[in-house]
Amino acid sequence: MGGTDAKDILGLPKTPLSLTQEKKSRPQKESHRKPDGISREVYALTGGVAPLMPSIDVTHLKRRPPPDEKVAWQWLPVKSSARNDDLQLYHWVRVVNDVPPSADYSFAKYNKSVDVLKYTDDEYENHLTDPVWTKEETDQLFELCERFDLRFTVIADRFPLSRTVEELKDRYYSVTRALLRATAQSPSELANHPLMKEPYDMTRDRERKRALSMVLSQSRHQEKKDAEILAEAKRITEMRLAARRAAEPDVPANENIGSVSPSSNSQLPATAVAPSTLTMADYTSTLASLRMLHVYLRTYGLEQMVQAASSAVGLRTIKRVEQTLQDLGVNLKPKVPTKTVCDEHLELRKEILTLLNLQKQLQYKESEGSSHREGTYAAMPDTPKDRVFASEPFSFGGERPIKKEQKRKGPGRQSDTPSPAHKRPRKMKASDL
Amino acid sequence: MTSNSSSKKQAQDPPESSEPTLKSLRTKMTKSDEKKKLKDIEISVPLVYGNIAFWLGKKASEYQSHKWAVYVRGATNEDISVVIKKVVFQLHSSFNNPTRVIEEPPFEVSESGWGEFEIAITLHFHSDVCDKPLSLYHHLKLYPEDESGPLTMKKPVVVEHYDEIVFPDPSESFLARVQNHPALTFPRLPSGYNLPAPMQVDDNGKKKRGDTKDHSLGQWFTSFSEADELLQLAAARQQVQAHIAKLRRQISLLEGQNQTIKTGSDP
C-alpha cells in the first residue's frame, strides 16, 4: 500500500503512537480494495482512505453513455421564444438517434419582462395630471421604462430632460398607483398589489441613499471609533443590568472591587493600580456574571477577570504583559489556582499594565524634553520588543532587585534590539542630574 | 422603616397574637440581614482531576497496550461526595458504553486501551448545592513526554490538574450541611451569623468512606501546594512595584526639567 511505502521513505514509525478520534475507528476499514472508477494511484493520493464525505459519487467519474444510443452533433438553426425579430442564428446541437431536441432554447426562460401599464389619453386627463410633469414627459418616461425594464439609473441617463432618479421613480410609481386605483375592480385585489402595500416614498429613498453613501465612505478611523463607542455602551448597559440584578442598590461598585483584592491596598499608598472607570465597570460586570452562574471553576473565573482587565488595551499590550510575566518566572496560568493565588495573579497583571503605561508616559516625556534640547539626549521610541525584566533567575525574597537591573548591561536575550542596552545608562544619567 | 410598621402591627394586634408578630419581626430582620451578609460568601472545593496510565509491557496487545484510570478527587484526598452527587465520564465512542456514570466515590473510571483522546468529565451536584452541572475536560495521556524513551511497566504516566469549584452564593441549607467538612474551604462567616443545625442525620458509619486517602494508586498522586506559587507571585509583584516607583520618580523629574526648559527657551 502506498501508505506504508511513504512512511518507510520518511522514516516514520509504522505503528501510530497517538491517534485522533477519527482514525481510531478506521484501522479495520483501511480498504485494500480500491473502489472502481478511478485508478489505484489516484486513489492512493488521498491516503488510501475514502474521504469523510464523498464529494463526487464515484460512479459518476467514468460514466459512459449507454452504447445503444447514436450520438451526433449537428449545426442547426436556433429557435428561441425570447426573440421577436426574424434573425436566424445557428449553433451545435447534440442529436441522439437522429432526433433533434424539440424543447425551446434553454435560456429563453430567463427572458423576463416587467408589466408596465399603459394609459389612454382620457385616463391621463382624468387621473394622472401633475403640475411638474407634462404629458410628453410622462409618455417618454413610460416608454423608457418599458424599453429598459424599470432600470431607473439607465432611464435617468436617457431621459431627455434632466431629472433625478428619485423623481423619475416617484412619477412612475404614483402614475401606476393612480392607474391601478382607477381601473381596479374591487378594493380587495388592490390591497394585495405590492405597489399599494408599500408605496414609494421619495424622501425616504433619498435619505437611505445618503446614509448608505456615508457608511461606505467612512474612514477606518471613524469605524474604529464607532465600534469603541458601541462596545462601551454595551458594557455600560450590561453592568447596569448585572448590578441591578445581583447587588443591592445602595452598594457602590467599589466595595466589590475591595473584596476581590484585599492584599493590594496595604502595599502602596498611592495604589499602583489606577485603572480607568471603564475597567472598574468591567470587573463589576464580570463578577456579577460569574455570580449568575451559581457554579464555576476558579480557572474559568480567573480567565474572565483577566479578559476584563485586558479589554481596554490592544493585542500588543496583552502580549507584552504575558512576556513580562514569563520574564518574571510566573506561570501564565497558575498551576495551583487557589483563591489567594488567583487574586495575587490578577493583581500582578494589573500592576504590569500600570507599569507599561508608565513606561509609555516616560517615553512621551522624554521625547517632549528632547524636542526642546539640542540633542544631547536623543530618546528613541521604545520598540515593542523592549523588555523590562530579562529572564534571569531572580531569587525569591527580593534581594535588591533594583540594583540588579542597574548593573545589567549585557543585552541577554535582547539580541534583536540593540537600543535598550544604550538607553539604560542614559536614563540613569537623567535621573542622577 | 421596617421596625415602625411592625411596631404598629404589635399595637394593633390583640395580645394573644403578639407572639407570631414578634416572630415575624425577627424573621423579617434576619432575612434582610442574611441577604446582606450572604453576598460575599463563597464556598470552594479544591479538586484534582487527571489520569494514571500503566503500560502493560509483555501483556500488551495492539488494542490494549495500556491500563489507565481517569478520576476526580479532592485535592487533599478528602471525600467530595458531600458536594458531588455523581460524575459522568464521557469516553471515546469506540468504548462500550462510552458514557460512564459514577455515583459513588471514588469517582473514577478504569479501562484499557491504546489511544489518547479528550474525556469530558461532568460533575453533578446535590440538589441543595447547585442545579447546573459543571464540565471539565481532560486529555488522556498514555505515553510519556519524551517519545524516544523506552516504555516501562514500573512507573505510570500521571497527568493531574488542580482546580477549584467555586459556589459564589451558597444556599443556607448547603452551608449548614457542610460546615466543618474537610473537603472544602468554608468561608469565614460574619460575626453573629448563626447557621441552623444540619438537618440530615449523619450516617457516616453506615456509608463507605468516600475519601481517597487510602487509594491503591495514592502513591502516584501529586501533592499541590500553593506556597511556591504564592512566593513567586509575591516576588514578582515586589519587583514590578519597585520598578513602578522608579518610573514615577523619573517622570516627575522629567516634568520638572521640561518646565524649566520651556521657560528657559522661550524668546
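The listed protein sequences derive, respectively, from chains C and U.
Residue numbers for the first sequence follow the numbering used here, so the first one is 86 and each next one is one higher.
Residue numbers for the second sequence follow the numbering used here, so the first one is 349 and each next one is one higher.
For each residue, glycine too, the CB sits at the ideal point set by N, CA and C.
Cβ-Cβ distance between residue i and residue j below 7 Å
i              : j              : result
residue 570(U) : residue 493(U) : no
residue 440(C) : residue 420(U) : no
residue 427(C) : residue 387(C) : yes
residue 428(U) : residue 506(U) : no
residue 417(U) : residue 394(U) : no
residue 561(U) : residue 425(U) : yes
residue 267(C) : residue 275(C) : no
residue 606(U) : residue 453(C) : yes
residue 409(C) : residue 574(U) : no
residue 456(U) : residue 488(U) : no
residue 367(C) : residue 395(C) : no
residue 482(U) : residue 433(C) : no
residue 176(C) : residue 163(C) : yes
residue 431(U) : residue 477(U) : yes
residue 221(C) : residue 181(C) : no
residue 474(U) : residue 433(U) : yes
residue 566(U) : residue 453(U) : no
Closest residue to residue i among the options (Cα-Cα distance)
i              : options                           : result
residue 591(U) : 186(C), 128(C), 442(C) and 195(C) : 442(C)
residue 186(C) : 156(C), 221(C), 430(C) and 194(C) : 156(C)
residue 436(C) : 530(U), 583(U), 599(U) and 450(U) : 583(U)
residue 228(C) : 189(C), 397(C) and 244(C)         : 244(C)
residue 503(U) : 398(U), 396(U), 608(U) and 402(U) : 402(U)
residue 469(U) : 520(U), 476(U), 396(U) and 411(U) : 396(U)
residue 282(C) : 182(C), 259(C) and 303(C)         : 259(C)
residue 410(U) : 460(U), 451(U), 398(U) and 446(U) : 460(U)
residue 202(C) : 405(C), 381(C) and 235(C)         : 235(C)
residue 324(C) : 290(C), 289(C), 365(C) and 285(C) : 365(C)
residue 218(C) : 145(C), 247(C) and 205(C)         : 247(C)
residue 254(C) : 273(C), 272(C), 289(C) and 278(C) : 289(C)
residue 501(U) : 484(U), 405(U), 559(U) and 388(U) : 405(U)
residue 539(C) : 438(C), 171(C) and 320(C)         : With chain C covering 86 to 518 only, the question about residue 539(C) has no answer from this structure.
Close Cβ partners of residue i (< 7 Å) along its chain, the five nearest in sequence each way excluded
i              : result
residue 250(C) : 237, 238 and 241
residue 392(U) : 512, 513, 514, 532 and 533
residue 407(C) : 417
residue 389(C) : 371 and 375
residue 491(U) : 505
Within chain U, partners of residue i - CB distance below 8 Å
i              : result
residue 454(C) : 602, 605, 606 and 609
residue 522(C) : With chain C covering only 86 through 518, there is no way to say anything about residue 522(C).
residue 443(C) : 592, 595, 596 and 599
residue 195(C) : By Cβ distance, chain U contributes nothing, its closest Cβ being about 49 Å from residue 195(C), past 8 Å.
residue 383(C) : 392, 511, 512, 513 and 514
residue 376(C) : 516 and 517
residue 436(C) : 585, 588, 589 and 592
Coil, strand or helix - residue i by DSSP
i              : result
residue 599(U) : helix
residue 417(U) : strand
residue 182(C) : coil
residue 510(U) : strand
residue 499(C) : Interpretation of residue 499(C) is limited by its pLDDT of 42, a score under 50 that renders its predicted location unreliable; no figure is taken from the coordinates.
residue 593(U) : helix
residue 481(U) : coil
residue 94(C)  : helix
residue 429(C) : helix
residue 131(C) : coil
residue 486(C) : With a pLDDT of only 44 at residue 486(C), under the threshold of 50, the placement of this residue in the model should not be trusted; the figure read from the coordinates follows. Reduced to three states, the DSSP call for residue 486(C) is helix.
residue 410(U) : coil
residue 218(C) : coil
residue 604(U) : helix
Chain-ordered chain U contacts of residue i [CB-CB under 9 Å]
i              : result
residue 368(C) : Within chain U, no residue comes near residue 368(C); the closest Cβ sits about 14 Å away, beyond 9 Å.
residue 323(C) : Per Cβ cutoff of 9 Å: no residues; residue 323(C) is ~18 Å from chain U at best.
Neighbour list for residue i in chain U, Cβ cutoff strictly below 7 Å
i              : result
residue 451(C) : 602
residue 89(C)  : Chain U residues near residue 89(C): none, gap ~16 Å exceeds 7 Å.
residue 126(C) : None at all; the shortest Cβ gap to chain U is about 29 Å.
Own chain residues within Cβ distance below 8 Å of residue i, not counting five before or after
i              : result
residue 390(U) : 514, 515, 516, 517, 518 and 535
residue 265(C) : 202, 275, 278, 280 and 281
residue 599(U) : none
residue 131(C) : none
Contact list for residue i against chain C, beta-carbon separation under 8 Å
i              : result
residue 577(U) : 416, 419, 420, 421 and 426
residue 572(U) : 420 and 421
residue 473(U) : 380
Interface partners of residue i on chain D, CB under 8 Å
i              : result
residue 386(C) : Chain labels in this structure do not include chain D; the protein chains are C and U.
Neighbourhood of residue i by C-beta, 6 Å cutoff - its chain only, sequence neighbours within 5 removed
i              : result
residue 448(U) : 437 and 457
residue 189(C) : 166
Chain-ordered chain C contacts of residue i [CB-CB under 7 Å]
i              : result
residue 480(U) : 379 and 380
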